[in-house]
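Chemist: The structure is given below, and queries will be raised subsequently.
2 protein chains.
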Amino acid sequence: MSFVYKSDPVRGRLWAEIFAREAPQLPFHIWPDIGDPAEVRFLAAWEPPANILEVFPNLEVLFSSGAGVDQFDFSALPPELPLVRMVEPGIINGMVEYVSWAVLALHRDMPLYQRQQRRAQWQAAPVRPAAQCRVGVLGLGSLGQAALAQLRGFGFNCAGWSRSRHAIDGVQCFAGSTELPAFLARTDILVCLLPLTAETRGLLNATLFAQLPRGAGLVHVGRGPQLVEADLLAALDQGQLGDAILDVTDPEPLPPEHPFWQHPHIWLTPHIASATQPESAARVVLDNLRRHRNGEALLGLVDRARGY
Amino acid sequence: MSFVYKSDPVRGRLWAEIFAREAPQLPFHIWPDIGDPAEVRFLAAWEPPANILEVFPNLEVLFSSGAGVDQFDFSALPPELPLVRMVEPGIINGMVEYVSWAVLALHRDMPLYQRQQRRAQWQAAPVRPAAQCRVGVLGLGSLGQAALAQLRGFGFNCAGWSRSRHAIDGVQCFAGSTELPAFLARTDILVCLLPLTAETRGLLNATLFAQLPRGAGLVHVGRGPQLVEADLLAALDQGQLGDAILDVTDPEPLPPEHPFWQHPHIWLTPHIASATQPESAARVVLDNLRRHRNGEALLGLVDRARGY
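Respectively, the protein sequence lines represent chains A and B.
Counting along the first sequence from 1, when you hit position 133 you're at 133 in the working numbering, and nothing is skipped either side.
Each position in the second sequence, counted from 1, maps to that position plus 1000 in the working numbering.
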């Protein structure tokens, strides 16, 4: 019985140290070294090999090494193979930091002040109390809920939207497509933390932007293909959106000639909002291996019909 | 008995509404309308008139209409006149927002990403957990303590320095000039929230910067004259400091030809970190008027020897 890691090898060596300490009985290999393929029961990968069961005929669990599973081609994976998302505190803390930073930046007009700085203009904008700023988070999974908890601490007027019904203290929760318009109509700063699925692809488009209050801000930390780029540019240029802070694009890296780079109302970061912390990620996987051994439910098990 | 407000008249009209509602028996005037000068017992001002006791012979209390009192020339004010700083929740919340935004920006390399964006470069920097980022706040008054409480919530390794000894849960507290070097040596992101006094003028200079770890970040939300501008430019250019986020300068507004405007490692905002919210400010002053009437201690009373 062995474990194979197929992702960034620098992080892989940190995983190897933790596994050697915490699970010394389980051989740990870093791709392309896989040891005896018949022994491999567990694979942690960002991009699994094609023909996965030919490479690892006795594979029992496939772990994603990062936050999403949209990089997996479900149709190329055996239907009975359990897939596990990465849900670990390192990812959550990083996302809470980024979303807090981005929402505060929009709330306090930082993109405006940067434009003013370039032209040496000293001009204060009016400050609204956080309680008068309505933040809305699309996606109420572990990341969305953690971000909302922090935003509430600043006193923002918080709401969340999700496909299914949630109840979160101090957060007005909206569910399903029928409640999306009401959610958008009350949202001054929209944060997208949705997983990439067939339903969310292209969701951030002109129709959605038109339902926000004029001048709303956008923080996009979901996945690039959720955003219709031409619609964002049009909404910014027409003033329907004020400013956008984007951490994800399509493709990544964004090509140098792309109009987002030099747009005065777009702040771009290179998909850094949140990254797996090797230390805590390895511990979460080890905990799931223990659960698997004991026949308990795996944390972060993917529902393939739902797509995440 | 009457009250005179001498500051931004737009805010003054909001104060007038609140006073009319909460203290209808007390006539409220907005400068230059002062009513009968002999009746004026209370003045809220950013810049009091010269010869204050000639203008208001029966003045009992002078309130600052903003956070600082360094704009007052103590030597021009009667020594027995009580001076009161503005300590109100609107100022505190605004400052907590700004400091959180700025510390997160430096922690997550946002100035670097903005420089990269201008040259269309997609390049992620390593992310450190907040617990490995040592934030140090200079000044442990109500603003410093509120900022530290929020920063602790993000998991930063927090310390504070003040002239006098403080004890704050979860914050390593340093006191006095003898402990300043140890405080600086453990500080990756330095936040200045000190009042402007003879001791703090020019404090942020080459000697201080040299005691920080190489590449440290600076958030300056104190007062412009605390910073030696040439020393900041040298420290940034030598890499002793990584990036600086400045909300205060000397003078303000900063002249258009000043080198700070176009410096690639300086983010400038036009003294907007925190502003009095007229609603809560007026309530705090009304509460102090009640205390004065009842012979209780005034909140925010200035110790002139200390300077704040």
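Yeah, the Cβ is synthetic: ideal placement off N, Cα and C, and Gly gets one too.
Quick caveat, the model's predicted, so the values are computed rather than measured.
So the candidates are L1184(B), L1268(B), F1056(B); which of them puts its Cα closest to the Cα of A124(A)?
Modeler: Of L1184(B), L1268(B), F1056(B), the residue nearest in Cα terms is L1268(B).
Chemist: Would you mind sorting P1048(B) into buried or exposed? The rule is 16 or more other CB atoms within 10 Å of its CB.
Modeler: When all chains shown are included, P1048(B) counts as buried.
Chemist: Under 9 Å between beta-carbons, which chain B residues line up against H271(A)? List them in chain order, please.
Modeler: Those are W1122, A1124, listed as they occur along chain B.
Chemist: Between L104(A) and A50(A), what straight-line distance do the alpha-carbon atoms span, to the nearest angstrom?
Modeler: L104(A) and A50(A): Cα-Cα distance of roughly 43 Å.
Chemist: Does the distance from the C-beta atom of P142(A) to that of V87(A) stay below 8 Å?
Modeler: Reading the sequence as shown, one finds Ser at residue 142(A) and not Pro. Yes, the pair counts as a contact, with Cβ atoms nearer than the cut-off.
Chemist: Should Q1226(B) be labelled buried (16 or more other beta-carbon atoms within 10 Å of its own) or exposed?
Modeler: It is buried - the Cβ of Q1226(B) has at least 16 other Cβ atoms within 10 Å.
Chemist: Run through DSSP, which three-state label would V219(A) get?
Modeler: Strand at V219(A).
Chemist: Quick check on A1275(B) - is its C-beta less than 8 Å from some C-beta in chain A?
Modeler: Closer than 8 Å to some Cβ of chain A, the Cβ of A1275(B) qualifies, so yes.
Chemist: Compare the C-beta of L254(A) with all C-beta atoms of chain B and state if any pair is closer than 8 Å.
Modeler: Taking Cβ atoms only, chain B reaches closer than 8 Å to L254(A), which makes this a yes.
Chemist: Excluding sequence positions up to five away, which residues of its chain have a Cβ less than 8 Å from the Cβ of L1298(B)?
Modeler: So the qualifying residues of the chain are V1061, P1082, V1084, N1288, R1291, H1292.
Chemist: Quick test of your reading: R108(A) and Y1308(B), contact by CB under 8 Å. State the CB separation rounded to the nearest angstrom.
Modeler: With a Cβ gap of about 25 Å, R108(A) and Y1308(B) do not count as contacting.
Chemist: Does any C-beta atom of chain B lie closer than 8 Å to the C-beta of A130(A)?
Modeler: Interface residue, yes.
Chemist: Could you give the C-beta distance for F209(A) and G136(A), rounded to a whole number, given that I count them as a contact under 8 Å?
Modeler: Not confirmed; about 13 Å, so no contact.
Chemist: Give the single residue among P1270(B), G1170(B), E1229(B), R1041(B) whose Cα lies nearest to the Cα of Q1145(B).
Modeler: Q1145(B) has its Cα closest to that of G1170(B), out of P1270(B), G1170(B), E1229(B), R1041(B).
Chemist: Taking buried to mean at least 16 other C-beta atoms within 10 Å of its own C-beta, is G1012(B) buried or exposed?
Modeler: By the neighbour-count rule (16 or more Cβ atoms within 10 Å), G1012(B) is buried.
Chemist: To the nearest angstrom, report how far apart P1079(B) and L1059(B) are at their CA atoms.
Modeler: Their backbone Cα atoms lie some 13 Å apart in a straight line.
Chemist: In whole angstroms, give me the CA-to-CA distance for C158(A) and Q114(A).
Modeler: Answer to the nearest angstrom: the Cα atoms are 26 Å apart.
Chemist: Under the rule that 16 or more other beta-carbon atoms within 10 Å means buried, what is T1207(B), buried or exposed?
Modeler: Looking at its Cβ environment, which holds fewer than 16 other Cβ atoms inside 10 Å, T1207(B) is exposed.
Chemist: Kindly indicate which residue of D1008(B), P1057(B), L1112(B) has the alpha-carbon position closest to the one of W1122(B).
Modeler: Nearest option by C-alpha distance: L1112(B).
Chemist: Could you tell me the distance, in whole angstroms, from the CA atom of F56(A) to the CA atom of W31(A)?
Modeler: Their backbone Cα atoms lie some 12 Å apart in a straight line.
Chemist: With three or more C-beta pairs closer than 8 Å as the rule, is the stretch 69-77 of chain A touching the stretch 32-43 of chain A?
Modeler: No contact exists between the stretch 32-43 of chain A and the stretch 69-77 of chain A.
Chemist: With respect to the beta strand (DSSP E) encompassing F1260(B), which residues constitute its N-terminal and C-terminal limits?
Modeler: Note, F1260(B): premise wrong, no beta strand (DSSP E); not H, not E.
Chemist: Which residues of the stretch 135-153 of chain A have a Cβ closer than 9 Å to any Cβ of chain B? Give them in chain order.
Modeler: Within the stretch 135-153 of chain A, the residues whose Cβ lies closer than 9 Å to some Cβ of chain B are Q150, G153, listed in chain order.
Chemist: What are the partner residues of N157(A), as DSSP defines its beta bridges?
Modeler: DSSP, once it has assigned bridges, lists R134(A) as partnering N157(A).
Chemist: Strictly by DSSP, which residues pair up with Q309(A)?
Modeler: Residue 309(A) cannot be examined here, being either before or after the span of chain A that is shown, 1 to 308.
Chemist: Just the Cα atoms here: how many angstroms apart are P1129(B) and P1264(B)?
Modeler: The alpha-carbon atoms of P1129(B) and P1264(B) are separated by roughly 26 Å.
Chemist: Please list, in chain order, all residues of the same chain as P278(A) whose beta carbon is under 7 Å from its beta carbon, the five residues on each side excluded.
Modeler: Cβ neighbours of P278(A) beyond the five flanking positions: R11, L14, W15.
Chemist: If you run the structure through DSSP and keep just helix, strand and coil, what is Y5(A)?
Modeler: DSSP places Y5(A) in strand when its eight states are reduced to three.
Chemist: Any C-beta of chain B sitting closer than 8 Å to the C-beta of N13(A)?
Modeler: The question names Asn, yet the displayed sequence has Arg at residue 13(A). By this cut-off, R13(A) is not an interface position.
Chemist: In chain order, what residues of the stretch 42-73 of chain A put their CB closer than 7 Å to some CB of chain B?
Modeler: Residues: none.
Chemist: Could you give the DSSP three-state label for L1212(B): helix, strand or coil?
Modeler: In the structure shown, L1212(B) sits in coil (DSSP, three-state: anything other than H, G, I, E or B).
Chemist: Buried or exposed: which applies to S64(A), given that a residue is buried once 16 or more other Cβ atoms fall within 10 Å of its Cβ?
Modeler: The residue in question, S64(A), is buried, as its Cβ has 16 or more Cβ neighbours within 10 Å.
Chemist: If you measure from the beta carbon of N1093(B) to each beta carbon in chain A, is any gap under 8 Å?
Modeler: Taking Cβ atoms only, chain A reaches closer than 8 Å to N1093(B), which makes this a yes.
Chemist: Could you spell out where the alpha helix (DSSP H) holding D1188(B) opens and where it closes?
Modeler: Taken as a continuous stretch (DSSP letters only), D1188(B) belongs to no alpha helix (DSSP H), as it is neither H nor E.
Chemist: Which whole-angstrom value is the C-beta distance of G224(A) and E252(A), which I expect to be below 8 Å?
Modeler: Indeed they touch by this definition, with Cβ atoms about 6 Å apart.
Chemist: Could you check whether the Cβ of E97(A) sits closer than 8 Å to any Cβ belonging to chain B?
Modeler: Judged by the 8 Å Cβ criterion, E97(A) is in contact with chain B.
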